[in-house]
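Line by line, the protein sequences are chains A and B. Its first residue numbered 1, the first sequence is counted upward by one per residue in the numbering used here. Its first residue numbered 191, the second sequence is counted upward by one per residue in the numbering used here. We treat Cβ as the ideally placed atom computed from N, Cα and C, and that holds for glycine. What follows is one structure encoded as structure tokens, with my remarks underneath.
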Amino acid sequence: PADDTPFAVGSPAAYVAAVGRVARGRVTEVAAALQADRQTMPEPDAWNQSLVQLVAAALAHGRYFVVREFAEVVSQQSSSRAIQQMLELLFSVYLAHAVSRAEGDFITYGGLTPSDIRLNRRHLLRLLAELRPHMIPLTDAFDLPDRLINSTLGAWDGDVYRRMFEQASHSPLNTDEVPASFHQAMRSKL
Amino acid sequence: HPDLAVERASPAFDIEEMTNFVDGGKDKTEMKRNTWSKVLNHPELRNTKATEYMSHEEKYRYNLSRATAMLKLIDEEGMDVNEISKVMSHTVSGFTTPDGNPLAVHQVMFVPTLMNQADDEQVSRWLGDVFNGTIVGTYAQTELSHGTFVRGLRTTATYDPASRTFDLHTPDVSAAKWWPGGLGTTANHAVVMAQLYTDGQPRGIHPFMVAIRDRETHRPLPGITVGEIGPKLGQNTLNNGYLLFDHVKVPRENMLMRNARVNEDGSYTKPSHQKASYGTMVFTRVAIALDTVDALQIAATIAARYSIVRRQGEPRDDGQEPQIIDYQTQQLKVLPHIAACYVLRASTARLWEHHTHVTSEVRGGDTALLPELHATACCLKALVTQDCSEAIEALRLSCGGHGYMTASRLPALYAYATAGATYEGENTVLLLQTARYLVKQAGGSHAPPAAGSAVTYLSR
Chain A
1 PADDTPFAVG
11 SPAAYVAAVG
21 RVARGRVTEV
31 AAALQADRQT
41 MPEPDAWNQS
51 LVQLVAAALA
61 HGRYFVVREF
71 AEVVSQQSSS
81 RAIQQMLELL
91 FSVYLAHAVS
101 RAEGDFITYG
111 GLTPSDIRLN
121 RRHLLRLLAE
131 LRPHMIPLTD
141 AFDLPDRLIN
151 STLGAWDGDV
161 YRRMFEQASH
171 SPLNTDEVPA
181 SFHQAMRSKL
Chain B
191 HPDLAVERAS
201 PAFDIEEMTN
211 FVDGGKDKTE
221 MKRNTWSKVL
231 NHPELRNTKA
241 TEYMSHEEKY
251 RYNLSRATAM
261 LKLIDEEGMD
271 VNEISKVMSH
281 TVSGFTTPDG
291 NPLAVHQVMF
301 VPTLMNQADD
311 EQVSRWLGDV
321 FNGTIVGTYA
331 QTELSHGTFV
341 RGLRTTATYD
351 PASRTFDLHT
361 PDVSAAKWWP
371 GGLGTTANHA
381 VVMAQLYTDG
391 QPRGIHPFMV
401 AIRDRETHRP
411 LPGITVGEIG
421 PKLGQNTLNN
431 GYLLFDHVKV
441 PRENMLMRNA
451 RVNEDGSYTK
461 PSHQKASYGT
471 MVFTRVAIAL
481 DTVDALQIAA
491 TIAARYSIVR
501 RQGEPRDDGQ
511 EPQIIDYQTQ
521 QLKVLPHIAA
531 CYVLRASTAR
541 LWEHHTHVTS
551 EVRGGDTALL
561 PELHATACCL
571 KALVTQDCSE
581 AIEALRLSCG
591 GHGYMTASRL
601 PALYAYATAG
611 ATYEGENTVL
621 LLQTARYLVK
631 QAGGSHAPPA
641 AGSAVTYLSR
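Below is the structure:
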């Protein structure tokens, strides 16, 4: 394995290591398959035999890059303890969700067992409940003025239904209560 | 709304401090707010119109006038060209040009290309006209039947030492330039990527600065066919266009020569590095990733606030229907994507810092880090646009029928993010470029990665 850290549900470092193992497993496996195919067929054909696995390998590498960089950001930043805790919670949600979206990869390459997968599913749902009370402050922190959001559903004050009626009033079909097309001959009179 | 007031009553952290984290520092938050304030209060920008019921041409005119006002604002404020793409991030551009910015490619590709690929003499020759608005440009690479496989482009630029000109030619309609934003009716110049031939030898794809319309009359120049390609899923006033050349003569001095050169006698000097001319694409891909996270942040904010306000279900003991966010299914639709906003933004910002560092190294002649940067930028652009596109769709679904309304803005945000999965390198092709680099690393046929490299895990 790229990183021998044993997997443990709830440990961000263990998740990051598992994401790294998936990336390494994906890349080395497809590299080996390519090398073998090159012995028996022309390069373009060998490459084509592995395209799906190559794409999966690149995505796994990208995921590892993302989590590795964020882990460093969290460890290096000097914000308050409250911010640190919130970033750790967000990271845990991201990691548990990433595992839940690619369970097969984490069993095949990441060193997780079926039992780990079951535990992760429950862990993710617990984390969501933990994150829930912070949802609005976390999105408020994106610091987006209403005019930049420009949505009937997403304004700061939450006055959703009034805005929806106001937007509907702009429809040209609401200009007259009886649209002009009604004054054409009715089908029954044609 | 009382339910939102409850949510905001006692946050567990300092929201301003978290905003500073998201922006990359207190100074960046201040700079951002300062810019937004100027945009939102600018006399030509502050009053907006609903564009949903406008015709295609009315929308174009409206968005172009606002894009022009934005350019004037950038000029008035003397903003650094390197800051422009950040200023024009989706947050602001969705306000200034809600249906797509016809000048976006001018700002985020044409200008950076000139800065990075023109030599010093060329920069001084053109940049004044670019900044005073005489030259409006675009970046013409993709062809009607040739996309991300850049080596397969078929537009030719054949050098003639006698006239010291390149003959720029579109061999058939399949090689028509197709897609560049602003090319339709906005730009009067284009950086055109074409197969260079000197001494009868193919030299690969190179960039050329080409005038396509008269600066005074805006009429297409002789030998040039140009127009707009028509409506798309979203971003309909980006003014994507087509362009064909019928043996158009381009002066030798108009090949961008920072990386490769053609001398008067036709002798050719290769670029110092095979990927040296990829600088603009790398820059743009990192910018796309950041910009798409920006769209995800907006979608997440919309879905979060709606999920608090919306109540639906059997009334509880207090007589109120439950808030939809208290359903586990809704939490799974919304909350992981808020986490993704934080993780993807910070990680992509790190890649931006890396890009800035590598670009300065390349300018100093050291191209060692360029292959890894190129591979990482390809990969991140693909991963982030794919993740954000899927996430925005999930957030749209979390808002039920109201998320299907244009007025929610979620359809436009989805169209924006999913466009990012297609343009500036279709994602599968980009991922295969990354994979090629990774396989070489795994097989040991590349130089060992430098300390701190993102691929050291492969060489263990």
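At a cut-off of 9 Å between beta-carbon atoms, Glu103 (chain A) makes no contact with chain B. Note on Tyr94 (chain A): 16 or more other CB atoms within 10 angstroms of its CB, so buried under the neighbour-count rule. Across the set A:Ala185, A:Met41, A:Asp37 and A:His61, the C-alpha of A:His61 shows the shortest separation from the C-alpha of Thr646 (chain B). The beta carbon of Lys571 (chain B) lies closer than 8 Å to those of Arg475, Val476, Ile478, Ala479, Gly610, Glu614, Gly615, Asn617 and Leu620 in the same chain, with the five residues before and after it left out. For Phe300 (chain B), there is no enclosing beta strand (DSSP E), as DSSP marks it with neither H nor E. Per the coordinates, the alpha-carbon of Asp310 (chain B) lies some 10 Å from the alpha-carbon of Leu304 (chain B). At least one beta carbon of chain A lies nearer than 9 Å to the beta carbon of Asn210 (chain B). For Lys228 (chain B), no CB of chain A lies under 9 Å from its own CB, so it is not counted at the interface with that chain.
Interface flag for Asp481 (chain B) against chain A is unset, since no Cβ pair is found closer than 9 Å.
Nearest Cα to His544 (chain B) within the set B:Leu622, B:Leu560, B:His336 and B:Ala530: B:Leu560. With respect to the 9 Å criterion, Asp143 (chain A) and Lys228 (chain B) are not classified as neighbours on the basis of their beta carbons. In this structure Tyr161 (chain A) is exposed. Its beta-carbon is surrounded by fewer than 16 other beta-carbon atoms within 10 angstroms. Every unbroken stretch of the alpha helix (DSSP H) spanning 4 or more residues and falling wholly within the segment 477-557 of chain B is given here in chain order: 518-553. Taken through DSSP and simplified to helix, strand or coil, Thr345 (chain B) comes out as coil. The Cβ of Pro288 (chain B) sits closer than 9 Å to at least one Cβ of chain A.
Beta bridge pairing from DSSP links Gly327 (chain B) with B:His379. Short of 6 Å from the beta carbon of Pro137 (chain A), and not among the five residues preceding or following it, lies no beta carbon of its own chain.
Using beta-carbon distances, Val499 (chain B) counts as an interface residue toward chain A, with a partner under 9 Å.
Taking a beta-carbon distance threshold of 9 Å, His232 (chain B) does not count as an interface residue toward chain A. For Arg132 (chain A), a Cβ of chain B is located within less than 9 Å of the residue's own Cβ.
Apart from sequence neighbours up to five positions away, the residues of its chain that approach Asp481 (chain B) with a beta-carbon distance below 7 Å are Ser279 and His280, ordered along the chain.
For a cut-off of 8 Å, the C-beta gap from Thr355 (chain B) to Arg442 (chain B) is around 6 Å, short enough to register as a contact. Here Ala377 (chain B) is buried. Its C-beta has 16 or more other C-beta atoms within 10 Å.
Assignment of Val229 (chain B) by DSSP, reduced to helix, strand and coil, places it in the helix class. With a beta-carbon spacing of about 11 Å, His296 (chain B) and Thr258 (chain B) fall beyond the 8 Å limit used to define contacts.
When the beta-carbon positions are compared, Gly154 (chain A) and Ile515 (chain B) stay at least 9 Å from each other. Taking a beta-carbon distance threshold of 9 Å, Tyr432 (chain B) does not count as an interface residue toward chain A.
Under a 10 Å Cβ-count criterion, Pro133 (chain A) is classified as exposed, with fewer than 16 other Cβ atoms of the shown protein chains found around its own Cβ. Leu386 (chain B) is positioned such that its CB atom lies closer than 9 Å to that of Tyr458 (chain B).
Within the segment 34-61 of chain A, those residues whose Cβ lies closer than 8 Å to any Cβ of chain B are, in chain order, Leu34, Gln35, Leu51, Leu54, Val55, Ala57, Ala58, Leu59 and His61.
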